[in-house]
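Heads up: the sequence shown begins at 18 in the numbering used here, then just goes up one per residue. For every residue, glycine included, the Cβ atom is placed at its ideal position computed from N, Cα and C. Down below is the structure, laid out as structure tokens.
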Amino acid sequence: MKKISISLGAAGAGVLLMAVPAHATWYPTGWPQHAYTSDNAGEGAFQAEGDWIMANDIGEDHKSAVTRWETNYGREGECKATGGAFTGREECNYNFDEDYKVRIKVCLRNYSNDIGWENCSTWTPWLSIATGNA
18 MKKISISLGA AGAGVLLMAV PAHATWYPTG WPQHAYTSDN AGEGAFQAEG DWIMANDIGE
78 DHKSAVTRWE TNYGREGECK ATGGAFTGRE ECNYNFDEDY KVRIKVCLRN YSNDIGWENC
138 STWTPWLSIA TGNA
């Protein structure tokens, strides 16, 4: 089973697709694909088994890491890590229709002044909800 993870850097530079072992500690082992932007202020992931979306704040910037998601059958939402940097990941459990696809991206958001989404990564490819494969 393949899982997808995205990380977001504060600069919001382009996404780099590669496995980076230094970042492999916050999510379960066996997640072969990771996407990172330049300076890694937030991370997000989708796990097909159990329909989990995860968000992790790893930037001391007074902003929350938010993993936004949408399905190709009209649902959308977000998983927010609002506890502050390095306080642990937020795991959000959903019940998606296994016959469809989901995609995620990670953004930063300052909920104290709510100026909107900042430094969003690009969307992942559409992923099978049943398998996590693109």
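Give the range of the beta strand (DSSP E) segment to which Phe63 is assigned. Numbered from its first residue, the sequence shown carries residue 63 at position 46. Segment Gly59 to Gln64, the beta strand (DSSP E) holding Phe63.
Relative to the C-alpha of Trp143, which residue among Phe63, Asn57 and Glu107 is closest? Mapped onto the sequence shown, residue 143 falls at position 126. Selected option, being the one with the closest Cα: Phe63.
On the DSSP bridge list, what partners appear for Glu115? Looking up residue 115 in the sequence shown gives position 98. BP columns for Glu115 are empty, so no partner.
Out of curiosity, what's the CA-to-CA distance linking Arg106 and Lys97? Reading the sequence shown from its first residue, position 89 is the one you call residue 106. Reading the sequence shown from its first residue, position 80 is the one you call residue 97. If I take the Cα positions, the gap works out to 9 angstroms.
Residue range of the unbroken beta strand (DSSP E) whose run includes Ala72: Here residue 72 corresponds to residue number 55 of the sequence shown, with the count starting at 1. It spans Trp69 to Asp74 - the beta strand (DSSP E) in which Ala72 sits, taken as one unbroken run.
Which residues mark the beginning and the end of the beta strand (DSSP E) in which Arg85 is found? Position 68 of the sequence shown, counted from the start, is the residue given in the question as residue 85. Taken as a continuous stretch (DSSP letters only), the beta strand (DSSP E) holding Arg85 covers Ser81 to Thr88.
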